[in-house]
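No gaps in the numbering here: position 373 of the first sequence is 504 in our numbering, and each next residue is one more. What follows is a set of notes on a single structure, which appears directly below.
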Amino acid sequence: MKIVPRTVKGMRDFLPDEMRNRNYLISKFREIFEKFGFEPLETPVMEYSDILTGKYGTDGEKLMYNFKDRAGRDVGLKYDLTVPLARIIAQYTQIIKPFKRYQIQPVYRYDNPQKGRYREFYQCDIDIIGTSSIMADAECLSVCSSILTELGFKNFLIRINNRIFLNTLLSDIGFTDSEKIIVLRLLDKKKKVSSEKLDAEALEKGLNSEYFNNLITLLSESEADPVSFLERLRESGTTDGIKALLDLYSFAISLGVQEQNIKIDLSLARGLDYYTSLVWETEIVEPAIGSIVGGGRYDTLVERFSKEKIPCVGISFGFERICFAMKELSLFPKRKEYSGIFITIFNKDTLHESIYIAYELRKSGIPCELYLDKKKLKQQFKYASRKKFKWVIIIGPDEVASGKAVIRDLENSSEEKVDQSSLIDFFINYK
RNA sequence: GUGGGCGUAGCUCAAUGGUAGAGCACUGGACUGUGGCUCCAGCUGUUGAGGGUUCGAGCCCCUUCGUCCACCCCA
């Protein structure tokens with residue numbers, strides 16, 4: 132009985148065509164992260180359970196992959212890249228701060244798979260550790276905008292808000308702390324659901340409908356011109372978090388974020404529990420796949436591992452969704468239909484001539500593929516044709532005798548004979 | 001965690017409850033120094049798994065697994 136080949140639920144293989152796209156994306160991320168001075172970091176797939184738990188809320192923990200290893204230790208697969216980073220900061224105190232790192236690795240969530248959602252998926256994070264400066268927050272937004280622009284996205288919107296402000300606002304309206312959590316969840320939904328449905332859900336959750344209506348009214352008032360709305364509020368006494376939010380907005384603009392790509396949205400809440408003040412989220416208008424980038428300031432996360440209080444800010448790119456969106460919008464670079472050089476093996480007498488040519492080309496930095504099996508020329512051509520090579524090189528007995536090589540152009544069905552010694556020049560000139 | 005659609009050859013899919021099929025792909029040949037086109041031949045199955053109903057199940061029922069989608073939540 133043969134073993135049925137299959138992949139574990141929610142996990143995927145990436146075949147070469149897809150890997151080429153993914154590698155392209157990763158290289159773009161790296162390039163821009165490094166341009167802004169971020170340094171690379173990797174952490175293990177697994178952490179001890181106590182490291183992982185306690186920061187994602189009960190819903191998050193249901194999605195955690197945790198189990199015992201052979202020695203009975205409680206371990207889990209990492210759920211995001213932020214918590215391992217907090218551990219790193221507490222563990223390696225010699226790291227110079229502010230520490231700017233980037234990290235591109237898979238994370239794991241025991242979720243039910245569906246469109247664009249998997250149990251293993253890549254996240255791509257940058258964080259700045261050890262500064263409270265809002266310039267750091269703004270830098271994250273600038274990276275976000277640079278990357279999306281560089282990748283070719285035109286219609287994206289970064290929405291920003293401050294949880295401190297939102298919190299104060301909710302208290303002023305009259306909500307209790309436990310109600311606030313429910314309200315924040317509902318606000319996250321506001322964009323997707325009709326207002327009737329939202330009201331119904333608020334009622335169902337037992338929220339004071341007068342308070343809730345006040346909130347919704349206030350938020351919709353702010354929508355048209357949030358900046359002057361905030362300034363009016365500031366004059367009337369509510370000040371918590373407003374300055375930070377306005378600063379972030381203006382710093383981001385100075386750092387090159389285009390005005391049409393950024394908006395203060397006072398209803399933005401964000402799910403993760405560990406954000407403490409400024410938060411942001413980016414969505415692309417087309418295709419509508421929700422948020423593709425999210426982040427914020429989380430000043431208390433490192434405290435779990437250390438006596439020190441260390442302010443942190445970061446942004447996480449939804450690698451899989453960006454990949455999906457880029458495919459939809461055809462933003463990946465197109466490959467030439469025919470490319471590359473393929474070297475045939477005529478027979479065992481000419482074998483070493485072919486091998487030598489492959490060696491010479493590769494030594495000169497010209498990529499080429501050498502046929503590996505003993506098959507008829509016809510089969511070798513069929514292979515070359517299916518793999519869409521542009522050039523096929525043939526060294527048969529005639530060519531060995533005359534010191535020449537046949538170069539066949541599969542795309543144009545033409546061929547020519549050149550001196551073996553000028554093969555390298557031929558291909559260098561072609562480039 | 002909850003709900004729905006779908007599981008048949010490597011892939012895409014057919015088959016009124018009555019003999020499991022086609023196209024593509026693959027292997028070889030026509031064509032012993034040349035791919036795509038054509039023609040010929042060949043290969044391919046516990047119909048996801050287990051149970052039940054029936055004279056008879058790919059088809060109906062139950063269970064289970066997988067997959068896709070939606071909700072919850074999130075990237």
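Cβ atoms here follow ideal geometry from the backbone N, Cα and C, with glycine treated the same way. Remember, it's a predicted structure, so these values are computed and weren't measured experimentally.
Starting from Asp144, follow the beta strand (DSSP E) in both directions and report where the run begins and ends.
Here residue 144 corresponds to residue number 13 of the first sequence, with the count starting at 1. From DSSP, Asp144 is part of no beta strand (DSSP E); its letter is neither H nor E.
Select from Leu156, Gln236, Glu251, Ile226 the residue whose C-alpha is nearest the C-alpha of Met142.
Reading the first sequence from its first residue, position 11 is the one you call residue 142. Checking every option, the nearest Cα to that of Met142 belongs to Glu251.
Between which two residues does the alpha helix (DSSP H) containing Val214 stretch?
Position 83 of the first sequence, counted from the start, is the residue given in the question as residue 214. Element bounds for Val214: 213-222.
Closest Cα partner of Val433 within the set Gly426, Val444, Ser309, Ile423:
Along the first sequence, one-based indexing puts residue 433 at 302. Considering only alpha carbons, the answer is Val444.
Straight-line gap, Met132 to Thr138 (C-alpha atoms, nearest Å)
Sequence index remark: in the first sequence, residue 132 carries index 1 (1-based). Sequence index remark: in the first sequence, residue 138 carries index 7 (1-based). Any reading at Met132 is ruled out, since the residue's pLDDT is 49, under 50, leaving its predicted position unreliable.
Ile420 (DSSP reduced to helix, strand or coil):
Taking the first residue of the first sequence as 1, we reach residue 420 at position 289. Coil, per DSSP.
Going by beta-carbon coordinates alone, are Ile453 and Ile423 separated by less than 8 Å?
For this step, residue 453 is matched to residue 322 along the first sequence. For this step, residue 423 is matched to residue 292 along the first sequence. A contact, by the Cβ cut-off of 8 Å.
For a minimum of 4 consecutive residues, which ranges assigned as the alpha helix (DSSP H) are wholly contained in the stretch 317-359?
326-335, 340-354
Would you tell me roughly how many angstroms separate the C-alpha atoms of Asn543 and Lys535, rounded to the nearest one?
Residue 543 sits at position 412 when you count from the first residue of the first sequence. Residue 535 sits at position 404 when you count from the first residue of the first sequence. Cα-Cα distance, rounded: 21 Å.
Residue nearest to Lys465 in terms of C-alpha spacing, selected from Ile134, Pro136, Val135, Tyr155:
Start at 1 with the first residue of the first sequence, and residue 465 comes out as number 334. Here the closest residue by C-alpha is Tyr155.
Grouping DSSP H, G and I as helix and E and B as strand, with all else coil, what is Arg290?
Locating residue 290 in the first sequence gives position 159, counting from the first residue. Note: Arg290 maps to strand in three-state DSSP.
In the DSSP assignment, what are the bridge partners of Asp242?
As a working note, residue 242 is residue 111 in the first sequence. According to DSSP, which records beta bridges pairwise, Asp242 is partnered with nothing at all.
DSSP puts Gln236 in a beta bridge; with which residues?
Here the question's residue 236 lines up with position 105 in the first sequence. According to DSSP, which records beta bridges pairwise, Gln236 is partnered with Gln254.
What separation, rounded to the nearest whole angstrom, lies between the Cα atoms of Lys140 and Pro244?
Working through the first sequence from its first residue, we reach residue 140 at position 9. Working through the first sequence from its first residue, we reach residue 244 at position 113. When rounded, the distance between both Cα atoms is 8 Å.
Segment contact, 8 Å Cβ cut-off, at least three pairs: the stretch 166-176 with the stretch 200-217:
yes
Three or more beta-carbon pairs under 8 Å between the stretch 335-355 and the stretch 301-319, yes or no?
yes
Using DSSP's beta-bridge definition, name the partner residues of Glu412.
As a position in the first sequence, residue 412 is number 281, starting the count at 1. For Glu412, which the question treats as bridged, DSSP gives the partners Arg290, Gly425.
Please look up how many angstroms separate the CB atoms of Ile420 and Phe455, rounded, as I've assumed it's under 8 Å.
The residue given as residue 420 occupies position 289 in the first sequence. The residue given as residue 455 occupies position 324 in the first sequence. About 6 Å; that satisfies the 8 Å criterion.
Between which residues of its own chain and Leu554 is the CB-CB distance below 8 Å, once the five residues before and five after are set aside?
By one-based count along the first sequence, residue 554 stands at place 423. Cβ neighbours of Leu554 beyond the five flanking positions: Ile488, Glu491, Leu492, Ile524, Ala536, Ile538.
Quick check: Ile441 and Gly261, are their CB atoms within less than 8 Å of each other?
Locating residue 441 in the first sequence gives position 310, where the first residue counts as 1. Locating residue 261 in the first sequence gives position 130, where the first residue counts as 1. Yes, Cβ-Cβ distance for Ile441 and Gly261 is below 8 Å.
Which residues bound the alpha helix (DSSP H) around Ala375?
Locating residue 375 in the first sequence gives position 244, where the first residue counts as 1. Segment 373-385, the alpha helix (DSSP H) holding Ala375.
Provide the residue span of the beta strand (DSSP E) that contains Val537, from first to last.
One-based indexing of the first sequence puts residue 537 at position 406. Segment 535-540, the beta strand (DSSP E) holding Val537.
Residues bridged to Gly445 by DSSP?
One-based indexing of the first sequence puts residue 445 at position 314. Asp258, Gly427.
Secondary structure of Leu208, DSSP reduced to three states
Locating residue 208 in the first sequence gives position 77, counting from the first residue. Strand.
Three Cβ pairs or more, each shorter than 8 Å: is that satisfied between the stretch 273-290 and the stretch 357-365?
no
Short check: CB of Leu409 to CB of Arg435, under 8 Å?
In the first sequence, residue 409 corresponds to position 278, counting from 1. In the first sequence, residue 435 corresponds to position 304, counting from 1. Not in contact: Leu409 and Arg435 (Cβ atoms no closer than 8 Å).
Taking just the CA atoms, how far does Glu500 sit from Arg517?
By one-based count along the first sequence, residue 517 stands at place 386. By one-based count along the first sequence, residue 500 stands at place 369. Approximately 14 Å, taken between the alpha carbons.
Which runs of the alpha helix (DSSP H) fall wholly inside the stretch 465-546 and span at least 4 residues, in chain order?
482-494, 508-517, 528-533
Through-space distance from Ile257 to Leu334, alpha-carbon basis
Counting from one through the first sequence, the residue named residue 334 turns up at place 203. Counting from one through the first sequence, the residue named residue 257 turns up at place 126. Spanning the two alpha carbons is a distance of roughly 39 Å.
Could you give the first and the last residue of the continuous alpha helix (DSSP H) run that contains Phe198?
Stepping through the first sequence from its first residue, residue 198 is reached at position 67. Where Phe198 is concerned, there is no enclosing alpha helix (DSSP H), although the beta strand (DSSP E) it sits in stretches over 197-199.
Report yes if the CB atom of Asp205 is closer than 8 Å to the CB atom of Tyr179, and no otherwise.
Against the first sequence, residue 205 aligns to sequence position 74. Against the first sequence, residue 179 aligns to sequence position 48. Taking 8 Å as the Cβ cut-off, Asp205 and Tyr179 qualify as a contacting pair.
Endpoints, alpha helix (DSSP H) assigned at Glu580:
Lying outside 132 to 562, the shown extent of the chain, residue 580 is not represented and no answer is given.
How far does the alpha helix (DSSP H) with Ile559 in it extend, from its first residue to its last?
Counted from its first residue, the first sequence places residue 559 at position 428. Residues 554-561.
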